[in-house]
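K.L.:
Position one of the sequence shown corresponds to residue -7 (this note's numbering), numbered consecutively onward. Each residue gets a CB set at the ideal place from its N, CA and C atoms; glycine is no exception. Note that the structure is a prediction, hence the values are computed from the model and not measured.
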Amino acid sequence: MPLIRIDLIEGRSDQQITALGDALMRPLVEVYGLPERDRFQIVTEHKPGRLTALDVGLGIERSEQIVIIQIFTQTGRSTEEKQAFFAALAAALDAIGVDGADLVIGFIENTAADWSFGFGRAQYITGELAAP
């Protein structure tokens, strides 16, 4: 179960935001084999000038259509799996009009003990959920 934060500059329609979330889910299901309903997404829109993502030395020019994605998930995915996910996500978002230059993705990893899905219990630890 990844928890995904999506940061955008305000101005997209509800339909565009839904399409973005749907496109993000496809590679999670196809590359990582997650269930369709394993969907935890938080979309935060920022006023222009409140989200800055300049170049890191690669010559990338970003637009006001930038999409920054943080994926909070359990450790254990290989570098190859992450690379496959990055490529699949870029392709899925490109299909809905998000330019590759405007896509920034970061993984933040933790352990099974770091998750509670309700009732104050760590369900991966208690055995209520199988650890991925």
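#1: At the 8 Å Cβ level, is G13 part of the contact set with chain D, yes or no?
#2: Reducing DSSP to helix, strand and coil, say where D30 ends up.
#3: Counting Cβ pairs, one atom from each stretch, are 3 or more of them under 8 Å apart for the stretch -3 to 9 and the stretch 52 to 61?
#4: If you run the structure through DSSP and keep just helix, strand and coil, what is Q75?
#5: Identify, in the order they occur along the chain, each residue of the same chain with its Cβ nearer than 6 Å to the Cβ of H38, setting aside the five sequence neighbours on each side.
P.N.:
Let me spell this out:
#1: Of the chains in the structure shown, none is chain D; there is only one protein chain.
#2: coil
#3: yes
#4: helix
#5: I1
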